[in-house]
Each structure stands twice: as C-alpha cells, then as structure tokens.
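Student:
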Amino acid sequence: QKEVEQDPGPLSVPEGAIVSLNCTYSNSAFQYFMWYRQYSRKGPELLMYTYSSGNKEDGRFTAQVDKSSKYISLFIRDSQPSDSATYLCAMSETGRRALTFGSGTRLQVQP
Amino acid sequence: KAGVTQTPRYLIKTRGQQVTLSCSPISGHRSVSWYQQTPGQGLQFLFEYFSETQRNKGNFPGRFSGRQFSNSRSEMNVSTLELGDSALYLCASSLGTGRADSPLHFGNGTRLTVT
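Okay, structure coming up:
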C-alpha cells in the first residue's frame, strides 16, 4: 500500500463547477501538506502549503487538512478551463525536506 | 524573480552512458532537491543538498549522485544508464532545511530518454 493515495481520475467538470480533490495518507508523522498543479511538459507549481490541521484559503482555492482522519482536500471554486491540469498532493515530516507525492489527479474543465 | 532553471530541457542517451543534469535555484534559496517523475512510479525523491552537503537521500541506487556548489547551483549525475532511467528529472529549491515557511519550488525539468 502506498503512503499517499490519490484518485488518478480523470475528473471532468463543466466550467464554473466546484471541484473537490482528495488524498489519504498512512504516515502519522506527516506535518506539512502541499498541493501542486502540473501542466503538460511543465514542472509542478505550488498552489497551497499548510502546516498540521486546518483550512487555508487563497483566492478560488481552499485546502483542508484533517490529521485525525489522515485526509486532505483541495477545493477549486468557479473552475476555469485554464485549471485543466494534473493536481498532485505532497506531504513531508517535520525537519525532512523530502516530499512524498500522491500519484496525481487529472482534471479537465469543459468550457 | 527568476524561477528554478534546469538545463538541458531534453536529453537522449544510450544505455551504458552517463549524464549530468544542471539546476540553478531561485536566488536566495540554499536547499536544492532532485526528484524523478515517471508514469508508473510518479514523483520520487532522489536527494537533497543544503550548503554543499547531502542532507537526505531517497531509495535509488548509487548510480545516481549529485553535488551542490558554493553558489547553491546543483548537478546530478547518472552513470551506466539503463532504459528504466528514462524519466523527467525535476529540481526544486527552497530557502533551507527545517524552515516551516519554506516549501519547494520546482523547475520544468529535464526529459531524459535512454535508448
């Protein structure tokens, strides 16, 4: 079983929809949680970065971390065709820079 | 501010050869990490350098090595290339090890094809 599980999709939604992306993990030592967006032929781009449990909002993006359930989510409001990409969750332990990534969810927003 | 720069963008090598990839971090970032991305295994951590010292290493064979220079620029080397080394190699930089407000920022990678 992988340390971080993420549904690969693809997830197809109409423009304007609210998108929910999720990851589960098994390592209780993970304290830092990130969401990256990766377009084709590009490197991952950092979207959200949170520490421990709680919510964080940045524009149309909201990240949630529930450490008790070992579950993290990324919500995208008012989705746009330009949001079509692969979304990767990533996590790390305190004091360790090495990230453990989910396999990525491919999102397609239809105009 | 310029992002993480990786060169070259594309490389084609033959089995048994060796290859060196280069990474220039964001100005002021002192930590550089390397990752391998493949369709089957996803993104996997190779190693991290901070102040010219390797701080963490992933589960890769000794054919994979790296180094960091005093200006924080980094190189990784893969010797005796195998077909399975074909991948996108990503470099990421951050301010430094242990800083809670220091996430990783990635470059666009070097696409290595081994034939």
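Chains as they are written, first to last, in the working numbering: chain A, 1 to 111; chain B, 1001 to 1115.
Just so it is clear, CB atoms sit at the ideal spot from N, CA and C, and this is done for glycine as well.
1. With the cut-off set at 8 Å, would you say arginine 60/A and isoleucine 76/A are in Cβ contact?
2. Given 8 Å as the limit, is there contact between the stretch 1023-1031 of chain B and the stretch 1088-1096 of chain B, that is, 3 or more CB pairs closer than that?
3. Give me the chain B residues within the contact set of tyrosine 25/A, using Cβ-Cβ distance strictly less than 7 Å, ordered along the chain.
4. CB-CB under 6 Å to glycine 9/A, same chain, minus the five flanking residues each way: which ones, in chain order?
5. Chain B partners of glycine 54/A, CB-CB under 7 Å?
6. Ignore the nearest five residues each way along the sequence and tell me which others in leucine 1043/B's own chain have a CB closer than 6 Å to its CB.
7. Determine, using beta carbons only, whether phenylalanine 1045/B comes closer than 8 Å to chain A.
8. Hey, arginine 97/A and asparagine 1056/B are a contact pair by Cβ (cut 8 Å); roughly how many whole angstroms apart?
9. List the residues of chain B that serine 178/A touches, going by C-beta distances under 7 Å, in chain order.
10. Just list the residues that DSSP pairs aspartate 58/A with in beta bridges.
Tutor: Answer, in terms of the structure:
1. Taking the first sequence and counting its residues from 1, the one referred to as residue 60/A is at position 60. Taking the first sequence and counting its residues from 1, the one referred to as residue 76/A is at position 76. Yes.
2. yes
3. Taking the first sequence and counting its residues from 1, the one referred to as residue 25/A is at position 25. Going along chain B, no residue has its Cβ under 7 Å from tyrosine 25/A, so there is no contact; the nearest lies around 14 Å.
4. The residue you call residue 9/A lines up with position 9 of the first sequence. Answer for glycine 9/A: Thr105, Arg106, listed in chain order.
5. On the first sequence, position 54 is the one that residue 54/A refers to. Within chain B, no residue comes near glycine 54/A; the closest Cβ sits about 14 Å away, beyond 7 Å.
6. Taking the first residue of the second sequence as position 1, residue 1043/B is located at position 43. Cβ within range, chain order: Tyr1035, Gln1037.
7. Reading the second sequence from its first residue, position 45 is the one you call residue 1045/B. It does: the Cβ of phenylalanine 1045/B has a partner Cβ on chain A nearer than 8 Å.
8. Here residue 97/A refers to the residue found at position 97 of the first sequence. Here residue 1056/B refers to the residue found at position 56 of the second sequence. With 8 Å as the limit, arginine 97/A and asparagine 1056/B qualify as a contact, their Cβ atoms being about 6 Å apart.
9. The structure shown does not extend to residue 178/A, since chain A spans only 1 to 111, so no value can be given for it.
10. Numbered from its first residue, the first sequence carries residue 58/A at position 58. Paired residue(s): Phe61/A.
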